[in-house]
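Novice:
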Amino acid sequence: MLRFLLAIVIVIPMYANSQAPTQDHPAVKPPVAAKIHTQKTLNGKTLVDDYAWLRERSNPDVKTLLEAENAYAAYVMQPTEGRQKKLYDEIVSHIKESDDTVPFLKDGYYYYTRTEKGKQYYQLCRKKGSLQAPEQIILDLNRMGEGQKFMAVGQWSVSDDGNLLAYTTDNVGFRQYHLHVRDLRTMQDLPDTTERAVSIAWAADNRSLFYTVEDEVQKRSYRLYRHTVGEDARQDPIVYEEKDERFDVYVSRARSKQYLLLTAGSHISSDVSFLPADKPDGHWTLIAPRVDNIEYYVDHRGDTFYIRTNDTSQTFRLVTAPVVSPGKANWKELVASRPDVPLEDFDIFQNFYTLTERVAGLPVFRVIQFSDRSAASIQFPEPTYFATAANNAEFNTADFRYNYQSLVTPPSVFDYNVSTKQSTLLKQNEVPGGFDRSHYVTERVFATAADGTKVPISLFYRKDLKNKAEAPLYLYGYGSYGFSLAATFNPSRLPLVDRGLIVALAHIRGGGDLGKPWHDAGKMMNKMNTFTDFISSAEYLTGHGYGSRSRIGIEGGSAGGLLMGAVTNMRPDLFRVVLCEVPFVDVMNTMLDASLPLTVPEYEEWGNPNTEPAFGYMLSYSPYDNLAAKDYPAIMVRTSFDDSQVMYWEPAKYVAKLRTLKTDNNPLIFYTNMHGGHGGSSGRYDRIHEVAFNWAFLLTQLGVPEPAEASKP
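Heads up: the sequence shown is residues 1 to 713, going by this note's numbering.
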């Protein structure tokens with residue numbers, strides 16, 4: 001049975017005046033998916049899903065529909081091809097295409113990556129003992145990617161003696177990684193391989209490799225194996241298997257290198273077991289049993305474990321425990337929790353430790369010396385920025401390396417000397433193409449949410465922008481899983497601000513910008529706060545002279561795509577254009593299907609819709625279920641056929657249903673990357689083409705002319 005009706009001419013003609021067709025007078029009509037009535041009743045409610053058949057991945061009609069949608073998107077976007085090329089060239093002009101990262105030291109080798117002009121991927125390189133030593137390229141993703149539509153490295157780890165490299169690769173985009181072991185003395189890959197590898201860590205004997213694997217259905221990292229190099233991986237013993245479907249397991253090695261750590265974590269709970277790294281056949285010891293709603297994370301020094309935990313406060317504290325008896329009864333507080341300063345992370349070294357804290361939502365480092373407990377802070381002058389610990393692989397060091405950047409400051413690497421309390425800039429990424437940071441402004445403002453909560457917003461625009469109140473506004477949001485929305489430098493945004501846009505990042509609840517309490521205030525039965533915070537952010541900005549109320553463009557991806565779908569249903573009048581990427585929009589059908597990846601673990605993020613009151617609450621905001629016959633903004637939806645996080649059929653169903661309901665003439669285009677993953681294409685130049693496509697749609701729908709056609713902003 002033909003599952004959709006096509007009304008599209010595949011030949012892409014030019015159309016008059018280089019304008020996209022409207023739905024009232026279309027030169028070409030979009031594809032129309034067939035409705036096949038499907039329904040299910042739960043909790044007294046009937047859920048109708050006329051496009052459930054789009055889940056049938058192997059059905060040729062599905063692929064044909066997706067290809068027809070791609071052809072229609074190309075047709076609509078054909079008049080913007082010149083703009084797309086200009087945007088692509090402009091973005092590339094702001095990237096130093098041939099470049100090396102700052103080398104970091106590990107076990108006597110300096111490691112760094114290199115990109116070369118015209119090549120899609122990076123090389124992983126090292127030098128032994130000195131930066132003047134001969135270079136060894138230990139991974140070349142450009143060669144690995146030859147003949148592949150996709151190539152990504154997930155994890156890599158070198159044995160203590162520097163001879164063996166374990167690494168994982170994905171050549172599809174489904175985040176299903178193949179484990180390899182390479183002998184760096186011969187540069188030959190050994191027969192030692194396995195599938196579905198997630199995390200890896202070497203023991204101290206340089207031949208025992210621990211790795212975790214995911215199951216074949218839910219993509220849950222559930223088993224820990226031990227492999228001995230040279231032996232048949234099919235005979236590797238199972239060291240641990242996690243039975244609770246909410247939990248994933250990950251193996252790592254403490255920076256001290258004395259212990260291997262196995263962390264089992266759900267969205268709200270965790271536990272950690274340890275094994276002496278020099279006893280790979282030994283017994284793993286649990287530090288403390290898991291408790292619902294309690295998380296803890298571990299590092300090591302000497303005879304002590306250091307543990308970050310939220311056992312007494314959702315903002316976390318740091319405790320210590322003796323290795324010989326690490327149970328909770330022996331935990332001793334080292335750093336107390338503070339109600340307004342979340343402890344986000346920590347790093348333990350031989351002579352000092354560092355804390356990454358959130359002060360008013362911004363990361364700040366505290367460095368404390370073990371010898372005298374003296375403390376110093378590393379603070380930053382810009383109003384909004386991003387800072388994080390860098391590659392600090394060496395345990396016995398005098399320096400703490402960190403990364404810093406902002407919306408106007410390119411990525412920068414610093415070494416902070418613990419004794420002198422001075423930071424030294426090692427490198428700031430060069431931004432060619434005429435970039436001058438003094439021409440730009442960054443600000444941090446606060447919107448007032450419906451319940452009075454102050455929501456931070458990071459802003460970026462040109463200093464010479466003449467009339468901010470009339471400028472187009474680009475607003476980005478995410479707001480889920482406790483992930484902080486980092487105010488990072490992105491050369492791809494320069495074409496927007498250079499065309500007179502104000503770029504804004506809304507740090508809404510559900511994210512982690514103000515710690516775990518901020519996350520908790522935007523998940524489960526508080527999820528609506530995420531959406532209303534975003535709406536309040538748009539209204540605040542345009543109400544306070546940051547952008548025109550009639551020229552708002554918004555963007556979000558994945559769980560941020562849920563945000564886009566929800567706010568577009570709630571306030572379609574507020575937004576002029578929506579960019580919706582790999583969107584989680586079919587909330588009910590996905591969360592009611594426990595066989596899908598992520599569903600069961602994410603009951604702790606969204607709720608379990610099999611029961612009330614979660615069912616009714618989730619149904620109230622699910623974008624697919626709340627589409628209605630009304631006017632919508634111009635919308636572009638993008639997905640990838642091999643996406644493992646949000647299946648392609650969610651946006652496909654959403655678009656198919658929306659086409660039958662929308663009452664406006666605004667364009668709705670849907671593009672599926674048939675060879676990409678959750679993040680789109682794997683090659684860096686391919687990704688820039690995707691961004692240029694997005695920006696061309698955004699700018700066209702906002703009515704922004706090209707610089708040659710316009711006066712200065």
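Quick reminder that beta carbons are idealized off the backbone N, C-alpha and C, glycines included. Owing to the predicted nature of the structure, the values given are computational and were not obtained by experimental measurement.
Out of Ala398, Asp415 and Gly557, state which residue places its alpha-carbon closest to the alpha-carbon of Asn351.
Specialist: Checking every option, the nearest Cα to that of Asn351 belongs to Ala398.
Novice: Rounded to the nearest angstrom, what separates Arg226 and Gln176 at their Cα positions?
Specialist: When rounded, the distance between both Cα atoms is 19 angstroms.
Novice: Quick one: using the 10 Å Cβ neighbour count with 16 as the cut-off for buried, is Ser371 buried or exposed?
Specialist: By the neighbour-count rule (16 or more Cβ atoms within 10 Å), Ser371 is not buried but exposed.
Novice: Reducing DSSP to helix, strand and coil, say where Trp202 ends up.
Specialist: DSSP places Trp202 in strand when its eight states are reduced to three.
Novice: Contact defined as beta carbons within less than 8 angstroms: I believe Leu475 pairs with Ala450. What is the distance between those atoms, to the nearest angstrom?
Specialist: That belief does not hold up - the Cβ atoms of Leu475 and Ala450 are roughly 17 angstroms apart, past 8 angstroms.
Novice: Just to check my reading of the structure: Lys332 and Val319 have Cβ atoms closer than 8 angstroms, yes? What is that Cβ distance to the nearest angstrom?
Specialist: Yes, Lys332 and Val319 are in contact; Cβ-Cβ is about 6 angstroms, under 8 angstroms.
Novice: In whole angstroms, what is the alpha-carbon distance linking Thr354 and Leu47?
Specialist: Roughly 51 angstroms separates the two Cα atoms.
Novice: Can you tell me which of the three DSSP states Asp89 falls into?
Specialist: Looking at Asp89 - three-state DSSP - the assignment turns out to be helix.
Novice: Applying the 10 Å Cβ sphere with the 16-neighbour rule, what's the burial state of His267?
Specialist: His267 is buried by the Cβ-count criterion.
Novice: For Lys117, collect the residues of the same chain with a Cβ closer than 7 angstroms to its Cβ; drop the 5 residues on either side in sequence, then sort them by chain order.
Specialist: Answer for Lys117: Glu97 and Ser98, listed in chain order.
Novice: What are the boundary residues of the beta strand (DSSP E) that includes Gly522?
Specialist: No beta strand (DSSP E) holds Gly522; DSSP gives it neither H nor E.
Novice: Pick out whichever of Asp292, Asn293 and Gly327 has its Cα sitting closest to the Cα of Phe305.
Specialist: Among Asp292, Asn293 and Gly327, the Cα nearest to that of Phe305 is on Gly327.
Novice: Would you check if there are 3 or more beta carbon pairs closer than 8 angstroms linking the region 648-656 to the region 602-620?
Specialist: As far as the Cβ criterion goes, the region 648-656 does not touch the region 602-620, which means the pair count is below three.
Novice: With 8 angstroms as the threshold, decide whether the Cβ of Ser199 is near any Cβ in chain B.
Specialist: Going by chain labels, chain B is absent from the structure shown, which holds only one protein chain.
Novice: Answer yes or no: the CB of Ala336 versus the heavy atoms of the ligand ZN, is any distance below 7 angstroms?
Specialist: As presented, the structure is devoid of all ligands, the ligand ZN included, so that no description of it is given.
Novice: Around the Cβ of Gly434, are there at least 16 other Cβ atoms within 10 angstroms (buried) or fewer (exposed)?
Specialist: Classification of Gly434: exposed, given that the 10 Å Cβ count is below 16.
Novice: Enumerated in chain order, which unbroken segments of the beta strand (DSSP E) with a length of 3 residues or greater are wholly contained in the region 170-203?
Specialist: Here the runs fully enclosed are 177-183 and 194-202.
Novice: Which parts of the region 301-340 are runs of the beta strand (DSSP E), unbroken and 3 residues or longer, counting only runs that do not cross its ends?
Specialist: Listed in chain order, they are 304-309, 317-322 and 332-335.
Novice: Please determine if the region 575-583 and the region 555-563 are in contact, where contact requires at least 3 C-beta pairs separated by less than 8 angstroms.
Specialist: Judged by Cβ distances under 8 angstroms, the region 575-583 makes contact with the region 555-563, as three or more pairs qualify.
Novice: Based on the DSSP secondary-structure assignment, which residues constitute the bridge partners of Ile457?
Specialist: DSSP output for Ile457 lists Val445 and Ala506 as bridge partner(s).
Novice: Just the Cα atoms here: how many angstroms apart are Gly108 and Arg462?
Specialist: Rounded to whole angstroms, Gly108 to Arg462 spans 45 angstroms at the Cα level.
Novice: In the DSSP assignment, the beta strand (DSSP E) including Lys427 goes from what residue to what residue?
Specialist: It spans Gln422 to Gln428 - the beta strand (DSSP E) in which Lys427 sits, taken as one unbroken run.
Novice: Would you grab the beta carbon distance between Pro342 and Thr309 for me? Rounded to a whole angstrom, and I think it's under 8 angstroms.
Specialist: Incorrect: roughly 13 angstroms between the Cβ atoms, too far for contact.
Novice: With 16 other CB atoms within 10 Å as the buried threshold, where does Asp24 fall?
Specialist: Low confidence applies to Asp24: its pLDDT is 41, below 50, so where it sits in the model is not reliable enough to give any reading.
Novice: Around the Cβ of Leu485, are there at least 16 other Cβ atoms within 10 angstroms (buried) or fewer (exposed)?
Specialist: Classification of Leu485: buried, given that the 10 Å Cβ count is 16 or more.
Novice: Going by the CB atoms, is the gap between Tyr621 and Phe534 shorter than 8 angstroms?
Specialist: Result no, Cβ atoms of Phe534 and Tyr621 do not sit closer than 8 angstroms.
Novice: Suppose the cutoff is 6 angstroms on Cβ atoms and the five residues either side in sequence are ignored; what does the same chain contact list for Gly515 look like?
Specialist: Excluding positions up to five away in sequence, the list reads Thr315, Pro342 and Arg358.
Novice: With the cut-off set at 8 angstroms, would you say Phe274 and Leu407 are in Cβ contact?
Specialist: Cβ distance not < 8 angstroms, so Phe274 and Leu407 don't count as in contact.
Novice: Locate the alpha helix (DSSP H) running through Gln701, then write down its first and last residues.
Specialist: Start and end: Arg684 to Gln701.
Novice: With DSSP as the reference, please indicate the residues paired to Gln123 in a beta bridge.
Specialist: Gln123 pairs with Arg114 and Asp140.
Novice: Looking only at its own chain, which residues have a Cβ that is under 6 angstroms from the Cβ of Leu699, when we skip the five neighbours before and after it?
Specialist: For Leu699, where only same-chain residues beyond five positions count, there are no Cβ hits under 6 angstroms.
Novice: Tell me whether Gly147 sits in a helix, a strand or coil according to DSSP, three-state version.
Specialist: Three-state DSSP puts Gly147 in coil, outside helix and strand.
Novice: Enumerated in chain order, which unbroken segments of the alpha helix (DSSP H) with a length of 4 residues or greater are wholly contained in the region 532-620?
Specialist: Qualifying alpha helix (DSSP H) stretches, in chain order: 559-570, 587-591 and 603-606.
Novice: Are Leu459 and Tyr546 closer than 8 angstroms when you measure CB to CB?
Specialist: Result yes, Cβ atoms of Leu459 and Tyr546 sit closer than 8 angstroms.
Novice: Under 8 angstroms, with one C-beta from each stretch per pair, do the region 598-611 and the region 252-270 reach the 3-pair mark?
Specialist: Yes: at least three Cβ pairs fall under 8 angstroms.
Novice: Check the DSSP bridge columns for Phe349 and list the partner residues they point to.
Specialist: DSSP output for Phe349 lists no bridge partner at all.
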